[in-house]
Amino acid sequence: MIKLHVLFALCITACLPLAVTADEPAPDPEAGKRVDALGYAREMPSGAPVGAAYLQLRNPANAARVLKRIEAPAHPAAKIELHTTQQVDGVSRMRPVEKLAVPAQGVLEMGPGATHLMVHGVRLKAGDTLALRLVFADGGIQQLELPVLGLTESPPAGMRAGKPQDAHHHHHHHGHG
Ligand SMILES: [Cu+2]
Numbered sequence: 001m002i003k004l005h006v007l008f009a010l011c012i013t014a015c016l017p018l019a020v021t022a023d024e025p026a027p028d029p030e031a032g033k034r035v036d037a038l039g040y041a042r043e044m045p046s047g048a049p050v051g052a053a054y055l056q057l058r059n060p061a062n063a064a065r066v067l068k069r070i071e072a073p074a075h076p077a078a079k080i081e082l083h084t085t086q087q088v089d090g091v092s093r094m095r096p097v098e099k100l101a102v103p104a105q106g107v108l109e110m111g112p113g114a115t116h117l118m119v120h121g122v123r124l125k126a127g128d129t130l131a132l133r134l135v136f137a138d139g140g141i142q143q144l145e146l147p148v149l150g151l152t153e154s155p156p157a158g159m160r161a162g163k164p165q166d167a168h169h170h171h172h173h174h175g176h177g
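Quick note on numbering: my numbering labels position 76 of the sequence shown as 76, and the sequence is numbered without any gaps.
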């Protein structure tokens, strides 16, 4: 009987704090600092050395958010670059940028032939999921899971589809495959 009492007493002291915290979830420090995110990655054609992914980030806040880095936690060797595409002498050329702004109460819209993510070191296959970690300049971090779509699949509703020739230019002129 004495042993039982000891166990009971231990459980009271050890279990009570757990029960309390379960009832009161910690306030989310990032609440109000989230962007509404949508996106997809594209299956890589055979032989393509890098992949591409596209996001649509909506910022409901009254202050702009600056996206400074994107990581793929499940792929430690991966490198994800922020790229923009510009027309230079009639040819679309893309270049890495250090950051991208999501305007206050605005949208950062990526798409084929425009701003995009260049994915190095991950073999993107249709049906897979690509987990991303968005790191903002203000310290905010947001997780996101993108579907990897097949070459002919349409982007999620509301996202820019892009023209097939954009994708072709994109890959043809920049040595990415
Ligand atoms: Cu690119």
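A virtual CB, placed ideally from N, CA and C, is assigned to each residue, including glycine.
Reduced DSSP secondary structure (H/G/I, E/B, other) of Gly-106: Working through the sequence shown from its first residue, we reach residue 106 at position 106. In this structure, DSSP gives Gly-106 a state outside helix and strand, which the three-state scheme calls coil.
Residue burial classification, Gly-85 (beta-carbon count within 10 angstroms, cutoff 16): For the purposes of this step, residue 85 is taken as residue 85 along the sequence shown, with counting starting at 1. At residue 85 the sequence reads Thr, which differs from the Gly that was named. It counts as buried.
Can you tell me which of the three DSSP states Ala-157 falls into? Here residue 157 corresponds to residue number 157 of the sequence shown, with the count starting at 1. Coil at Ala-157, not helix or strand.
Among Leu-134, Thr-115, Leu-55 and Ala-137, which residue has its Cα nearest to the Cα of Gly-158? In the sequence shown, the residue the question calls residue 158 occupies position 158. Of the candidates Leu-134, Thr-115, Leu-55 and Ala-137, the one whose C-alpha sits nearest the C-alpha of Gly-158 is Leu-55.
Please indicate yes or no: does the CB of Ala-52 lie closer than 8 Å to some heavy atom of ligand 1? Locating residue 52 in the sequence shown gives position 52, counting from the first residue. Yes, ligand 1 has a heavy atom inside 8 Å of this Cβ.
Buried or exposed: where does Gly-39 fall if 16 or more other Cβ atoms within 10 Å of its Cβ makes it buried? As a working note, residue 39 is residue 39 in the sequence shown. Counting of Cβ neighbours within 10 angstroms places Gly-39 among the buried residues, the total reaching 16 or more.
Go ahead and pull the three-state DSSP assignment for Arg-152. If you number the sequence shown from 1, residue 152 lands on position 152. The residue you asked about is not Arg; residue 152 is Thr in the sequence shown. Here Thr-152 sits in coil by DSSP.
Within the segment 52-93, ranges of the beta strand (DSSP E) (whole runs, at least 3 residues): 65-71 and 79-88
Is the beta carbon of Leu-132 less than 9 Å from the beta carbon of Glu-71? Along the sequence shown, read from residue 1 onward, the residue named residue 132 stands at position 132. Along the sequence shown, read from residue 1 onward, the residue named residue 71 stands at position 71. A contact, by the Cβ cut-off of 9 Å.
C-beta neighbour in chain B for Val-66, strict 9 Å: Of the chains in the structure shown, none is chain B; there is only one protein chain.
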